[in-house]
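Participant: Got a structure here, written out as structure tokens. Questions coming.
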Amino acid sequence: MTTPALTLSAAIRSPKHPGSPAIMPYVTSGWPTREGFGDLLVAVSQQADAIEVGVPFSDPMADGPVIQRTSREAIEAGTTLPWILQTLAARKDEIACPTVLMSYLNPLLAHGIDRLVDDAFAAGVSGFIVPDLPLEEATAFDAACARRGLARIALVTPVTPDERLRRLTAGEGGFVYAVTVTGITGGDLTPGDIHDYLARVRAIAGKPVCAGFGIRRAEHVAALAGHADGCIVGTAFLEALGRGDDPQAFVAGLRGT
Amino acid sequence: MDEPIDWNAWPDGQGRFGPFGGRYVPETLVPALERLEQEAKAALVDDGFLETLAGELAAWVGRPTPLTPARRLSEAWGAEVWLKREDLAHTGAHKVNNALGQCLLAKRMGATQIIAETGAGQHGVATAAAAARVGLPCIVYMGAVDVERQAPNVRRMQAFGTEVRPVSHGDATLRAAIDEALRHWVSDPAGVFYCLGSVVGPHPYPWLVRQFQRVLGVEARTQFVHATGVLPDVVMACVGGGSNAMGLFHPFLADDVAIVGLEPGGRGTGLGEHAATVALGTPGVLHGTYSLLLQDPFGQVQETHSVSAGLDYSGVGPEHAFLHHTGRATYEVVPDEAAMDALYELARLEGILCAVETAHAFAGAKRWAAGHPGARILIGCSGRGDKDLPILSAWEAGER
Ligand SMILES: Cc1ncc(COP(=O)(O)O)c(C=O)c1O
Chain D
1 MTTPALTLSA
11 AIRSPKHPGS
21 PAIMPYVTSG
31 WPTREGFGDL
41 LVAVSQQADA
51 IEVGVPFSDP
61 MADGPVIQRT
71 SREAIEAGTT
81 LPWILQTLAA
91 RKDEIACPTV
101 LMSYLNPLLA
111 HGIDRLVDDA
121 FAAGVSGFIV
131 PDLPLEEATA
141 FDAACARRGL
151 ARIALVTPVT
161 PDERLRRLTA
171 GEGGFVYAVT
181 VTGITGGDLT
191 PGDIHDYLAR
201 VRAIAGKPVC
211 AGFGIRRAEH
221 VAALAGHADG
231 CIVGTAFLEA
241 LGRGDDPQAF
251 VAGLRGT
Chain Z
258 MDEPIDWNAW
268 PDGQGRFGPF
278 GGRYVPETLV
288 PALERLEQEA
298 KAALVDDGFL
308 ETLAGELAAW
318 VGRPTPLTPA
328 RRLSEAWGAE
338 VWLKREDLAH
348 TGAHKVNNAL
358 GQCLLAKRMG
368 ATQIIAETGA
378 GQHGVATAAA
388 AARVGLPCIV
398 YMGAVDVERQ
408 APNVRRMQAF
418 GTEVRPVSHG
428 DATLRAAIDE
438 ALRHWVSDPA
448 GVFYCLGSVV
458 GPHPYPWLVR
468 QFQRVLGVEA
478 RTQFVHATGV
488 LPDVVMACVG
498 GGSNAMGLFH
508 PFLADDVAIV
518 GLEPGGRGTG
528 LGEHAATVAL
538 GTPGVLHGTY
548 SLLLQDPFGQ
558 VQETHSVSAG
568 LDYSGVGPEH
578 AFLHHTGRAT
588 YEVVPDEAAM
598 DALYELARLE
608 GILCAVETAH
618 AFAGAKRWAA
628 GHPGARILIG
638 CSGRGDKDLP
648 ILSAWEAGER
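This is the structure in structure tokens:
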């Protein structure tokens, strides 16, 4: 039986453009505008292999200045998790790729975890990335996800020991989020430095591996081809949106097409 | 009657105090926190470490601090009032007990750099001094609003050779400073030691900071019994993150003694007007711990207001949430106005200028005395007010 988590894995393993790693842009929901959010998702989904839909939070401790700022502006504009879920549900049939909700834990707790999983499932969401929910605290969350076949995507980092890596990446469905840097979002990557690390993660993980943090340009994506199944592009994508660039062209440009 | 709670049994292996606490952090920090937990547990049962700590607490901090009978205050309030004088500890507040302990631990763990956050600047000053004492470089993050209202402490940190980094985003107070210190730590979890200043944050900090602050409660309990032959009727302390209060309360938890924490009521009870987290907050996760916090219905953490920078925080230590949850301690709210009145009353009756944070405990104690004539009240005098001269000037000029 297929589940949203397995569908997500498959979308990353078989990207729209097979020569390139899967491309997964991150967007801060409700930014740059609330009115344009649904249309933005639909447009980006034509090009992207999956979309990371960010829930803005007041204290994004793993994020750099750009995501801090977009989050603050989105919250000030009235963006809330229920509104994000409603928008996703309303545009579900037009969104042409899997979506993953990326959120710090507190907004999810405020919604209620069981209700969250039901609402997310109904909105067509495939899974969750929760940067401040480590494995040790995730038992109840995982049980709730399992009910609906949604993925909780584990983050791993260059300082994660092998033994822990094994526990973090166990099971199937979704993908492994390989944080490329020991640091926060918004940096600039040197892809050659992380080939060994990605090889180590891929050797252990039984699911696709997507690299994220500091991936900004087509050269980065090209240099990660063959080393990662997918690339997550957050800060650079938001900067492009902020400049008013065409989001579909930006995603296509990351593939060098 | 239910089984009495064994207060020493908490936190459990997951860093929980009942339902509160835990470790909600980015994966990058998990190995660093696991190592900190192991090393801290080993250090706190190691005779050599404990001897060094005790030696430094005596020779460098000036412990034990006195227990002072407040004679004129007692007369004015119709109670028997005693003060545990953390204002007389080196650098002027209880914060140094924890800062010294953590800096010694950092040295033992081979850290190359200390970072810290600070609100009022007292934890920053204490960490700057302790880092100098153990010989490690130090960076302190401080909200831009606090850099201005606690300017004397910025100069003191700089004199100790510490770099003070103002944080101007977010609420530009303590919460933003912690966010930024965590971001710094995420970028070098192996070399950097994060010296967290209160009983907040991910496990093991709430436990570790409490253990380093417990010295003040242990001393106070012994001194009180020695001076009076009995225990106090009530123990009272101000609560920001809650470290001076946890240190004072913990040795009294198994006693038949009332325990009251005083939180900053600011200028009202609306969201954003106060920082009374236990009294008015709801459960949630902030800065790596599940505790009570001030948030909107969608889980966004709210800004706070307090005349005192050190209490101006939307979260609170998980052990306080637990003491509240079990009913073992009660938490009351003190508005800015009452705290400032109490500060001047203490100064004029006892010749002690306490910190604006500390003044909240005095205002709460005065109210408590009015309802309990003749009661024996032990107040945690957490710090001195020299740093607050700009706040006093502004207050006297009518700024609210
Ligand atoms: C003198 C004094 N008391 C109390 C506090 C509040 O901290 P905590 O609640 O951790 O004791 C501070 C914090 O800066 C302080 O400087």
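For the protein sequence lines, the chains are D and Z, in the order given.
Each residue of the first sequence is one higher than the one before, counting from 1 in the numbering used here.
Each residue of the second sequence is one higher than the one before, counting from 258 in the numbering used here.
For each residue, glycine too, the CB sits at the ideal point set by N, CA and C.
In chain order, what residues of the same chain lie with their CB nearer than 7 Å to the CB of Pro-98 of chain D, ignoring the 5 residues before and after it?
Facilitator: These residues qualify, in order along the chain: Thr-7, Leu-8, Ala-11, Ala-50 and Ser-126.
Participant: Pop quiz: Gly-378 of chain Z and Lys-644 of chain Z are said to be a contact at Cβ under 8 Å. What is the actual Cβ separation, rounded to whole angstroms?
Facilitator: 6 Å
Participant: Quick one: what's got a C-beta closer than 8 Å to Val-404 of chain Z's C-beta in the same chain, skipping five residues either side?
Facilitator: Val-411, Val-421 and Pro-423
Participant: Going by alpha carbons, who is nearest to Ile-435 of chain Z out of Z:Ala-266, Z:Gly-376 and Z:Ile-634?
Facilitator: Z:Gly-376
Participant: For Ser-58 of chain D, is the beta carbon positioned less than 7 Å from some heavy atom of ligand 1?
Facilitator: no
Participant: In this structure, how does DSSP classify Met-258 of chain Z when only helix, strand and coil are distinguished?
Facilitator: Only weak support is given to the placement of Met-258 of chain Z: the predicted model assigns it a pLDDT of 46, under 50, and the question is left unresolved by the model.
Participant: Are the C-beta atoms of Asp-118 of chain D and some chain Z residue less than 8 Å apart?
Facilitator: no
Participant: Closer than 8 Å by beta-carbon distance: list the chain D residues that pair up with Leu-543 of chain Z, in chain order.
Facilitator: Asp-59 and Asn-106
Participant: Taking a Cβ distance cut-off of 7 Å, strictly less, list which residues of the stretch 413-428 of chain Z are near chain D, in chain order.
Facilitator: His-426
Participant: Note down, in chain order, each residue of its chain lying with its Cβ closer than 8 Å to the Cβ of Phe-175 of chain D, except the 5 sequence neighbours on either side.
Facilitator: Leu-8, Ser-9, Ile-12, Ala-151, Ile-153, Lys-207, Pro-208, Val-209, Cys-210, Asp-229 and Gly-230
Participant: Is the stretch 272-279 of chain Z touching the stretch 508-522 of chain Z in the sense that three or more CB pairs, one from each, lie closer than 8 Å?
Facilitator: no
Participant: Ligand 1 heavy atoms versus the CB of Gly-498 of chain Z: any closer than 7 Å?
Facilitator: yes
Participant: Could you pull out every residue in the same chain whose Cβ sits closer than 7 Å to the Cβ of Ala-5 of chain D, ignoring the five residues on either side in sequence?
Facilitator: Excluding positions up to five away in sequence, the list reads Ser-126, Gly-127, Gly-149, Leu-150, Ala-151, Gly-173 and Gly-174.
Participant: Which residue's Cα is closest to the Cα of His-426 of chain Z: D:Gly-112, D:Pro-18 and D:Asp-59?
Facilitator: D:Asp-59
Participant: For the alpha helix (DSSP H) that contains Trp-339 of chain Z, what are its first and last residues?
Facilitator: Looking at the DSSP string, Trp-339 of chain Z is not in any alpha helix (DSSP H); the run it does join, the beta strand (DSSP E), is 337-342.
Participant: Given 7 Å as the limit, tell me if Leu-523 of chain Z has its C-beta closer than that to any heavy atom belonging to ligand 1.
Facilitator: Sequence check: residue 523 of chain Z is Gly here, not Leu. Gly-523 of chain Z has its CB no nearer than 7 Å to any heavy atom of ligand 1.
Participant: Taking DSSP as the reference, what is the three-state secondary structure of Met-102 of chain D?
Facilitator: strand
Participant: Here's a check: name, in chain order, each residue in its chain whose Cβ is nearer than 6 Å to the Cβ of Gly-214 of chain D, leaving out the five neighbours to either side.
Facilitator: Answer for Gly-214 of chain D: Thr-180, Val-181, Gly-187, Asp-188 and Leu-189, listed in chain order.
Participant: At the level of alpha carbons, what is the spacing between Asp-593 of chain Z and Pro-630 of chain Z?
Facilitator: 25 Å
Participant: Return no unless some Cβ of chain D is closer than 8 Å to the Cβ of Leu-682 of chain Z.
Facilitator: No information on residue 682 of chain Z is available, as it lies outside the stretch 258 to 657 that chain Z covers here.
Participant: Measuring only the C-alpha atoms, how far is Ala-74 of chain D from Val-55 of chain D?
Facilitator: Taking the straight line from one Cα to the other gives about 9 Å.
Participant: So, helix, strand or coil for Cys-638 of chain Z, using DSSP?
Facilitator: strand
Participant: My parser needs the alpha helix (DSSP H) runs of 4 or more residues fully inside the stretch 437-504 of chain Z; what are they?
Facilitator: Uninterrupted alpha helix (DSSP H) stretches at least 4 residues long and entirely within the stretch 437-504 of chain Z occur at 462-485, given in chain order.
Participant: Which residue comes first and which comes last in the beta strand (DSSP E) that contains Met-1 of chain D?
Facilitator: That residue, Met-1 of chain D, is in no beta strand (DSSP E); it is neither H nor E in DSSP.
Participant: Where DSSP assigns a beta bridge to Met-399 of chain Z, which residues make up the other side?
Facilitator: Z:Thr-375 and Z:Pro-423
Participant: Does the stretch 246-254 of chain D come close enough to the stretch 541-561 of chain Z to have 3 or more Cβ pairs within less than 8 Å?
Facilitator: no
Participant: Between Ser-455 of chain Z and ligand 1, is the CB less than 7 Å from at least one heavy atom?
Facilitator: yes
Participant: Between Tyr-197 of chain D and the rest of its own chain, which residues show a CB-CB distance below 6 Å, the 5 nearest in sequence each way excluded?
Facilitator: Pro-158
Participant: Tell me, please, whether the CB atom of Met-258 of chain Z is closer than 8 Å to any CB atom in chain D?
Facilitator: Model confidence at Met-258 of chain Z stands at a pLDDT of 46, short of 50, so the residue's coordinates are unreliable and nothing is read from them.
Participant: For Glu-163 of chain D, is the classification buried or exposed, using 16 other Cβ atoms within 10 angstroms of its Cβ as the cut-off for buried?
Facilitator: exposed
Participant: Tell me the residue span of the alpha helix (DSSP H) that contains Pro-647 of chain Z.
Facilitator: 646-653
Participant: Mind listing the chain Z neighbours of Pro-161 of chain D? Cutoff is C-beta to C-beta under 7 Å, in chain order.
Facilitator: Pro-288
Participant: In chain D, which residues lie with their C-beta within 9 Å of the C-beta of Asp-569 of chain Z?
Facilitator: Residues of chain D passing the Cβ test: none, with the nearest at roughly 15 Å.
Participant: Are the beta-carbon atoms belonging to Tyr-451 of chain Z and Glu-137 of chain D less than 8 Å from one another?
Facilitator: no
Participant: Using the Cβ count rule (16 or more neighbours within 10 Å means buried), how would you classify Val-482 of chain Z?
Facilitator: It counts as exposed.
Participant: With a threshold of 7 Å, establish whether the CB of Gly-567 of chain Z neighbours any heavy atom of ligand 1.
Facilitator: yes
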